[in-house]
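Numbering (the working numbering), first residue to last: 7 to 355.
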């Protein structure tokens with residue numbers, strides 16, 4: 007049985023600036039988060055991240071002050087230089103690990119402009135009167151947020167982009183480790199170092215006080231309390247080892263509640279092929295009932311992933327929690343997860 011990698015720890019901080027970072031002499035300054043790791047632009051890159059529909063990356067960060075631009079560039083370098091994350095959840099988690107923040111309330115983000123030419127991104131150190139024009143004239147369709155923290159601005163930008171897999175998050179709750187950072191130690195590693203040019207100070211999460219710019223910003227928070235308790239990793243179970251362990255248990259030697267547990271397992275875990283016709287084999291090494299098994303098969307769930315479904319079900323106290331974990335681990339929609347939750351049948355002993 008293989009052991010899952012441990013949760014990535016927070017990278018150390020230092021006041022060192024990345025070697026080779028190009029910094030223009032005058033502002034405003036532009037950092038392209040997710041690209042151009044060792045460069046701060048003196049002009050906004052042409053035709054980049056404009057309009058009402060922009061991809062997940064890059065995100066243009068516009069700074070009035072040099073030290074803010076350097077700190078943003080340091081974060082960009084730390085998150086993307088060694089093993090670039092592939093999804094919004096992983097990017098947000100690695101950014102969170104930096105604990106980066108700025109002593110300014112003038113932080114705004116625009117994820118969707120008011121017209122096709124409006125620049126989007128994060129704006130630091132500018133008065134809102136200079137940015138308001140970017141969400142007009144179609145202000146009701148624009149998505150923006152005023153006076154937030156730098157990290158929350160990044161989280162908001164990542165959560166509102168098409169194809170985002172950001173988890174549900176209650177105000178003040180940390181983002182759990184992304185599955186892509188946990189499932190394989192050789193796939194993606196957390197940054198080994200993050201640099202900070204400005205003084206980093208702990209700051210209360212301002213989500214509850216953030217001014218919101220669209221009615222559609224509020225995300226469903228059902229089951230969000232379970233998000234912070236996401237299991238650190240899901241181990242891949244070796245089928246044969248598991249079958250052998252169950253098959254070698256002697257029901258005559260067990261007593262009381264233990265016998266009930268073993269009998270229940272015998273109804274859920276199917277026997278080995280070498281055991282003859284003890285019980286017809288189904289789609290998977292475990293069964294959730296005929297209806298649920300057919301649903302899993304129709305979705306192309308593999309034998310390895312069915313153990314993740316089992317872990318999600320037995321460790322989720324509510325349907326909302328189960329839906330959250332199925333979405334994070336197997337990218338199931340809330341409706342699909344609800345149908346599976348209702349279809350699963352466990353034996354009663």
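Don't be surprised by glycine CBs; every beta carbon is placed ideally from N, CA and C.
Nothing here was measured: the structure is a model prediction, and the numbers come from that model.
Closest option to residue 100, judged by alpha-carbon separation, among 143, 120, 40, 76: 40. Straight-line spacing of the CA atoms in residue 62 and residue 69 works out to 20 Å. Excluding the 5 residues flanking it on each side, residue 142 has same chain C-beta neighbours closer than 6 Å at 120, in chain order. Secondary structure of residue 127 (DSSP, three-state): strand. Boundaries of the alpha helix (DSSP H) harbouring residue 97: 94-103, taken from the DSSP string. The beta carbon of residue 349 is closer than 7 Å to those of 295, 297, 298, 301 in its chain, skipping five residues each way along the sequence. Taking C-alpha positions only, residue 117 is separated from residue 127 by approximately 6 Å. Per DSSP, reduced to three states, the secondary structure at residue 106 is coil, with no helix or strand assignment. Under the three-state reduction of DSSP output, residue 316 falls in the helix class. The count of Cβ pairs closer than 8 Å, one atom from the segment 94-112 and one from the segment 41-50, stays below three, leaving the stretches out of contact. Membership of residue 36 in the beta strand (DSSP E) is indicated by the continuous run 35-39.
Taking C-beta atoms as the reference points, residue 181 and residue 173 count as a pair closer than 8 Å. The beta-bridge partner set that DSSP reports for residue 56 consists of 125. Taking the Cα of residue 309 as reference, the smallest distance to any Cα among 320, 322, 336, 329 is reached at 336.
Look at residue 290 here: in three-state DSSP terms it is coil, with no helix or strand label. In this structure residue 72 touches residue 29 by the C-beta definition: roughly 7 Å separates them, less than 8 Å. Just measuring C-alpha positions, the residue of 133, 144, 110, 135 sitting nearest residue 124 is 144. Going by beta carbons, residue 165 and residue 94 fall inside the 8 Å limit. By the criterion of a C-beta distance shorter than 6 Å, residue 60 is surrounded in its chain by 126, once the five residues flanking it on both sides are discounted.
DSSP places residue 145 within a helical segment (H, G or I) once states are collapsed to three. Distances from the CA of residue 130 to each of 178, 326, 33, 84 were compared; the closest alpha carbon is that of 33. Annotated three-state conformation of residue 152 is strand, per DSSP. Counting only residues of its own chain and dropping the five nearest sequence neighbours on each side, residue 122 has a CB closer than 6 Å to the CB of 57.
Annotation: residue 156 to residue 133 spans about 15 Å, alpha carbon to alpha carbon.
In the three-state reduction of the DSSP assignment, residue 160 falls in the helix class. The C-alpha of residue 187 is placed about 10 Å away from the C-alpha of residue 89. Counting the other Cβ atoms within 10 Å of the Cβ of residue 151 gives 16 or more, which makes it buried. Annotated three-state conformation of residue 47 is strand, per DSSP. In the DSSP assignment, residue 330 falls within the alpha helix (DSSP H) that extends over 325-336. Sequence-distant Cβ neighbours of residue 74 in its own chain, meaning closer than 7 Å and more than five residues away, are 108, 130, 131, 204.
With contacts defined as CB atoms closer than 8 Å, residue 66 and residue 38 qualify as a contacting pair. DSSP lists 36, 129 as the bridge partner or partners of residue 68.
Residue pairing by DSSP puts residue 28 in a beta bridge opposite 45. Going by C-alpha positions, residue 333 is about 11 Å away from residue 326.
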